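Asker: Numbering (UniProt numbering), first residue to last: 1 to 171. Just passing along the structure, written as structure tokens.
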């Protein structure tokens, strides 16, 4: 069984279940059945609007977000599915901080729940900078079933990687 790099922090029995589904070539079907709908958020402008809707619904008092975009340079292999940054710039005599959220461009093809999970995760960092209990409680409040969706997203990444490796070895 190949190493499931996206599931490294999970218990061995869960990794084994995903590994078996992957070997039997049933993981993709299982995930497609659980998450059949693909989102329509394809442009950076639509992503920004979608993110602002989530922020307005759950984090009204959080700092404003200046930019939200798909980023093809985010490296999923280094576990960067999304990224939140505060970039400080000097404007005149003042220092201004601009908040940005970048989402790996592979999520243009992902189910809607996976994109929402990434956005909720990055938005939660506006309130909680650390990945602590309060952070995950906020994520769960913003997206019920957050932990399961995160696990399924990581399983989807394993499946995607395995199918890409199979496609390149068959060529």
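Yeah, the Cβ is synthetic: ideal placement off N, Cα and C, and Gly gets one too. Computed from a prediction, not measured in an experiment: that's the story for all the values here.
Assuming residue 20 and residue 7 are in contact, meaning their beta carbons sit under 8 Å apart, how far apart are those beta carbons, in whole angstroms?
Answerer: Between residue 7 and residue 20 the Cβ distance is about 13 Å, and since that is not below 8 Å, they are no contact.
Asker: Applying the 10 Å Cβ sphere with the 16-neighbour rule, what's the burial state of residue 12?
Answerer: By the neighbour-count rule (16 or more Cβ atoms within 10 Å), residue 12 is not buried but exposed.
Asker: In chain order, what residues of the same chain lie with their CB nearer than 6 Å to the CB of residue 88, ignoring the 5 residues before and after it?
Answerer: Closer than 6 Å at Cβ, skipping near neighbours: 95 and 97.
Asker: For residue 27 and residue 143, what's the separation of their Cα atoms in angstroms?
Answerer: The straight-line gap from Cα to Cα measures roughly 23 Å.
Asker: Kindly indicate which three-state DSSP category residue 118 falls into: helix, strand or coil?
Answerer: The answer is helix: DSSP assigns residue 118 an H, G or I state.
Asker: What's the C-alpha gap between residue 158 and residue 92?
Answerer: Taking the straight line joining both Cα atoms gives about 48 Å.
Asker: If distances are taken between C-alpha atoms only, which option among 126, 153, 138 and 136 comes closest to residue 64?
Answerer: Closest by alpha carbon: 126.
Asker: Let's test the definition: count the other Cβ atoms within 10 Å of the Cβ of residue 77 and tell me whether it reaches 16, buried, or not, exposed.
Answerer: Only weak support is given to the placement of residue 77: the predicted model assigns it a pLDDT of 49, under 50, and the question is left unresolved by the model.
Asker: Who pairs with residue 100 in a beta bridge, going by DSSP?
Answerer: For residue 100, which the question treats as bridged, DSSP gives the partners 67 and 85.
Asker: Given that a residue counts as buried once 16 or more other Cβ atoms are within 10 Å of its Cβ, and exposed if not, what is residue 123?
Answerer: Looking at its Cβ environment, which holds 16 or more other Cβ atoms inside 10 Å, residue 123 is buried.
Asker: Assuming residue 6 is part of the alpha helix (DSSP H), what are its boundary residues?
Answerer: Element bounds for residue 6: n/a, residue is neither H nor E.
Asker: Determine, using beta carbons only, whether residue 44 and residue 70 come nearer to each other than 8 Å.
Answerer: Taking 8 Å as the Cβ cut-off, residue 44 and residue 70 qualify as a contacting pair.
Asker: Between residue 112 and residue 39, how many whole angstroms is the CB-CB distance? I'm expecting something under 8 Å.
Answerer: Right, their Cβ atoms sit about 4 Å apart.
Asker: How many whole angstroms separate the CB atoms of residue 100 and residue 67, which I take to be in contact at a CB cut-off of 8 Å?
Answerer: Right, the Cβ-Cβ distance comes to about 4 Å (below 8 Å), so this counts as a contact.
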